[in-house]
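Protein chains in written order, with this note's numbering: chain A, 9 to 125; chain B, 3 to 257.
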């Protein structure tokens, strides 16, 4: 069964999809100080970031009853201080611009490393 | 994830990827969706990284993520990364980092450094293959010349272990494909996205290799599945990048 797509055939004519599925575009100016590079992008999209972190918080609350995020907010900023330039500064800038605790912005940025297990 | 590079009959390279994320992170029984995947989709953006008013490279990111998962340097190379699962995974690397071993590089930060600093396909390949990583990963790198395409398989914590699998090595000559498994092993029966993708690529044929052909491929299940957030399409020689949100309506594989 795995020799075939589950539908039994390869899709045709999917391109181009409707324009509503195109993603928005932004410029990141690397000449700005790291703390300011992401300000416009994250400020305009902070609700999406809040929603994502809320989804993760709700998921983990089932097991950790809110304690995990207390630890994340307390200890993850310590990792940020050890990250190479300019990444720690950029993460701090995102936290400042959105009001999201720095530990949670750091968690989002280290998700890949955590989920390779 | 699925990453694929194809070369058409005139030697033009096309690089595309599906980004899948959110496995086991909350299944919504009502809507048959993954909670984190659904939350990620609205924060997908295309970014134009500029220096002195000029494009240095372009990428597709989730808002708030400063590393690179999908990017293209105009006329030079394109890069995607696929997650490599391993018991000796990034979690151990994070613990080592916390204990003071800062000799490794975070995956997303390495890819960003490659996009900012590498000046050619060859330089990018060397950086991706020899930098000591904190977590295992697959890097899928495409160039701008015929045959310039490879998958770099990396372990955690070493800078001498890279497996570089080129399009010529792949036995397919005009395409190279990576999902989330080592190319020298069979994918597990419960997550074989490789075999259907190869079947669709062969059906498409090199004469139809194009951005639209790749979008068709990545819109076919199981390469399109409930974890898929977006499809990115890149053509380095004309600085073309298109990104579309993806949805997989039922019936659809959960991964």
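Backbone N, C-alpha and C define an ideal beta-carbon position, used for all residues, glycine too.
Please list, in chain order, the chain A residues whose beta carbon lies closer than 9 Å to that of residue 164 (chain B). Neighbours of residue 164 (chain B) on chain A: none; closest Cβ ~16 Å, over 9 Å.
Using only the alpha-carbon positions, how far apart do residue 162 (chain B) and residue 17 (chain B) sit? It is roughly 27 Å from the alpha-carbon of residue 162 (chain B) to the alpha-carbon of residue 17 (chain B).
Tell me which residues of the segment 95-115 of chain A have at least one Cβ-Cβ distance to chain B shorter than 7 Å, keeping chain order. The segment 95-115 of chain A vs chain B, Cβ under 7 Å: 95, 98, 99, 102, 113.
Answer yes or no: do residue 145 (chain B) and residue 15 (chain B) have a C-beta to C-beta separation smaller than 8 Å? Yes, they are a contact pair.
Measure the CB-CB distance between residue 112 (chain A) and residue 43 (chain A) and report whether it falls below 8 Å. Going by C-beta atoms, residue 112 (chain A) is not nearer than 8 Å to residue 43 (chain A).
So, are the CB atoms of residue 2 (chain B) and residue 193 (chain B) less than 8 Å apart? Residue 2 (chain B) lies beyond the range of chain B shown here (3 to 257); nothing can be said about it.
Classify residue 18 (chain A) as helix, strand or coil using the three-state DSSP reduction. Of the three classes helix, strand and coil, the one that applies to residue 18 (chain A) here is coil, per DSSP.
Please confirm whether residue 2 (chain B) has its beta-carbon closer than 8 Å to some beta-carbon of chain A. This structure cannot speak to residue 2 (chain B), because chain B is shown only from 3 to 257.
Name, in chain order, the residues that DSSP records as bridge partners for residue 17 (chain B). According to DSSP, residue 17 (chain B) shares a beta bridge with B:7, B:236.
Exposed unless 16 or more other CB atoms sit within 10 angstroms - verdict on residue 105 (chain B): Here residue 105 (chain B) is exposed, its C-beta having fewer than 16 other C-beta atoms within 10 Å.
Counted within 10 angstroms of its Cβ, other Cβ atoms place residue 92 (chain B) as buried (16 or more) or exposed: It is buried - the Cβ of residue 92 (chain B) has at least 16 other Cβ atoms within 10 Å.
Thinking C-alpha only, which one of A:116, A:20, A:21, A:66 is nearest residue 68 (chain B)? The shortest Cα separation from residue 68 (chain B) among A:116, A:20, A:21, A:66 belongs to A:116.
Does the contact criterion of 3 or more C-beta pairs under 8 Å hold for the segment 47-63 of chain A versus the segment 32-47 of chain B? Under the Cβ criterion (8 Å, minimum of three pairs), the segment 47-63 of chain A counts as touching the segment 32-47 of chain B.
Would residue 164 (chain B) and residue 132 (chain B) qualify as a contact pair, given that the criterion is a beta-carbon distance under 8 Å? Yes, they are a contact pair.
CB-CB length for residue 45 (chain B) against residue 57 (chain A), believed under 8 Å: So it is a contact: roughly 6 Å between Cβ atoms.
For the segment 135-147 of chain B, list every residue whose C-beta sits within 7 Å of some C-beta in chain A, in sequence order. Legend: CB atoms of the segment 135-147 of chain B lying less than 7 Å from CB atoms of chain A belong to residues 136, 137, 138.
In terms of alpha-carbon separation, which member of B:5, B:75, B:47 lies closest to residue 242 (chain B)? Considering only B:5, B:75, B:47, the residue with the shortest C-alpha distance to residue 242 (chain B) is B:75.
Using a 10 Å radius around the Cβ and a threshold of 16 neighbouring Cβ atoms, would you call residue 221 (chain B) buried or exposed? So residue 221 (chain B) counts as buried.
Applying the criterion that 16 or more other CB atoms from any shown protein chain within 10 Å of the CB defines a buried residue, is residue 170 (chain B) buried or exposed? Burial call: exposed.
I'd like to know whether the C-beta atoms of residue 126 (chain B) and residue 120 (chain A) end up nearer to each other than 8 Å. One thing to note: residue 126 (chain B) has its Cβ no nearer than 8 Å to the Cβ of residue 120 (chain A).
Return the chain-ordered list of same chain residues with a C-beta closer than 8 Å to the C-beta of residue 10 (chain A), the five sequence neighbours on each side being excluded. For residue 10 (chain A), the pLDDT reaches just 45, beneath the cut-off of 50, and the residue's location in the model is therefore unreliable, although a value from the coordinates is still provided. No residues qualify anywhere along the chain.
Sequence-distant residues of the same chain with beta carbon closer than 6 Å to residue 256 (chain B), five excluded per side: Excluding five sequence positions before and after residue 256 (chain B), the CB atoms of its chain that fall closer than 6 Å to its own CB belong to 228, given in chain order.
Could you tell me whether the segment 14-29 of chain A touches the segment 198-209 of chain B, using the rule of 3 or more Cβ pairs below 8 Å? Short answer: they touch.
For a cutoff of 8 Å on Cβ pairs, would you count residue 31 (chain B) as touching chain A? No, residue 31 (chain B) lies away from the interface with chain A (no Cβ there is under 8 Å from its Cβ).
Should residue 3 (chain B) be flagged as near chain A, meaning a C-beta pair shorter than 8 Å? Not closer than 8 Å to any Cβ of chain A, the Cβ of residue 3 (chain B) fails to qualify, so no.
Sort B:251, B:233, B:72 by Cα distance to residue 29 (chain A) and report the nearest one. The shortest C-alpha separation from residue 29 (chain A) is found at B:233.
If you compare alpha carbons, which of B:82, B:210, B:30, B:225 is closest to residue 12 (chain B)? It is B:210.
Check whether the Cβ of residue 218 (chain B) lies closer than 8 Å to any Cβ atom in chain A. Closer than 8 Å to the CB of residue 218 (chain B) there is at least one CB belonging to chain A.
Buried or exposed: residue 108 (chain A), going by 16 or more other Cβ atoms within 10 Å of its Cβ? Result: buried.
Does DSSP classify residue 101 (chain A) as helix, strand or coil? Three-state result, residue 101 (chain A): helix.
Looking only at its chain, what residues have a beta carbon closer than 8 Å to the beta carbon of residue 129 (chain B), apart from the 5 residues adjacent to it on each side? Excluding residues within five positions, the ones whose Cβ falls inside 8 Å are 112, 115, 116, 119, 120.
What would DSSP say about residue 254 (chain B), mapped onto helix, strand or coil? Shown here, residue 254 (chain B) sits in coil according to DSSP, grouped into three states, outside any helix or strand.
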